[in-house]
Amino acid sequence: MGASAPTVEQFLASLPTDRRAALAAVRDTINSRLPAGYEETMQYGMISWIVPASRLAATYNGQPLALASLGSQKQHMALYLMSVYGDQRLGSWFRDAYRAAGKKLDMGKACVRFKTLDALPLDVIGEVIARVSVDAYVAVYEASRSQAVKPVPIAERGAPPASAGKQATRRTAARRAGTATKRAVPTKAGPAPRKPARSAIKRRG
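For the sequence shown, this note's numbering assigns the number 1 to the initial residue and increments by one for each residue that follows.
Shown next as structure tokens:
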């Protein structure tokens with residue numbers, strides 16, 4: 001069943017024994033430190049902790065906003081910490097605390113990859129979860145969305161903006177002016193005529 005499992009319990013039951021134990025331990029850590037207001041569910045084939053629609057109805061993709069997700073991939077297990085991705089200060093703290101715990105961090109922008117439970121500092125995982133309240137997380141999300149640039153519809157991408165046309169016109173005029181200047185510059189003069197020899201001057205006299 002795996003990624004298609006409709007419930008957390010069914011998802012865990014479908015995993016190999018070692019992965020089931022590891023993910024269950026990480027799940028317990030997160031649930032024990034999870035701030036009030038989040039909900040645990042299955043999302044995108046992973047155990048996810050989300051902001052419910054009753055708190056945040058409008059998101060960029062129409063799906064509940066996830067704080068964290070926990071999944072089983074082909075080559076590793078993965079913990080996705082979206083709060084770390086969206087907050088540089090929290091991200092810096094998390095990376096420093098992770099390494100200070102004596103663990104080797106294998107991380108992308110938000111995904112912490114691990115193959116065994118021992119590779120994770122569970123106290124650091126619990127702390128990074130506990131640091132982000134629902135209200136704070138929603139505020140950061142809404143602020144980032146208000147600053148985001150809306151994508152331009154494909155139909156409007158065919159014609160360049162007016163400013164681009166003006167810049168192109170100026171570049172063309174500059175090239176033409178440069179060409180005209182080159183043409184106006186006289187060619188290099190040839191060698192000066194040689195003076196007649198002195199003997200020839202005397203004979204003329």
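All C-beta atoms, glycine included, are put in the ideal place defined by N, C-alpha and C.
Please read all numbers here as calculations on a predicted model, not as lab measurements.
With a threshold of 16 other CB atoms inside 10 Å of the CB of residue i, please say whether the residue is buried or exposed.
i    : result
S83  : buried
A22  : buried
S72  : buried
S54  : exposed
S146 : exposed
S144 : exposed
D18  : exposed
S4   : exposed
A162 : With a pLDDT of only 45 at A162, under the threshold of 50, the placement of this residue in the model should not be trusted; the figure read from the coordinates follows. So A162 ends up on the exposed side.
Y44  : exposed
T7   : exposed
Put residue i into one of helix, strand or coil per three-state DSSP.
i    : result
Q73  : coil
L67  : strand
A110 : coil
S48  : strand
T116 : coil
A24  : helix
A78  : strand
T17  : helix
T41  : strand
R131 : coil
T29  : helix
G86  : helix
Y60  : coil
T7   : coil
R55  : coil
A143 : helix
L122 : helix
L34  : coil
L12  : helix
G91  : helix
A101 : coil
Our contact map puts residue i next to residue j with C-beta atoms below 8 angstroms; I'd like the distance itself, whole angstroms only.
i    : j    : result
I129 : A78  : No, I129 and A78 are not in contact; Cβ-Cβ is about 15 angstroms, not under 8 angstroms.
R95  : L105 : 6 angstroms
T29  : G91  : 19 angstroms between Cβ atoms; not a contact.
Q24  : L12  : Note on residue identity: the sequence assigns Ala, not Gln, to residue 24. That belief holds up - the Cβ atoms of A24 and L12 are roughly 6 angstroms apart, short of 8 angstroms.
K109 : Y85  : 5 angstroms
I47  : E39  : 11 angstroms between Cβ atoms; not a contact.
D87  : V140 : 6 angstroms
Would you say residue i touches the ligand HEM, meaning its beta carbon is less than 7 angstroms from a heavy atom?
i    : result
F114 : Only the bare structure without any ligand can be found here, which leaves the ligand HEM out of the picture.
If contact is defined by three or more beta carbon pairs under 8 angstroms, each pair taking one atom from either stretch, is the stretch 53-63 in contact with the stretch 99-110? no
Decide if the stretch 33-43 is in contact with the stretch 127-142; the criterion is three or more beta carbon pairs, one per stretch, under 8 angstroms apart. yes
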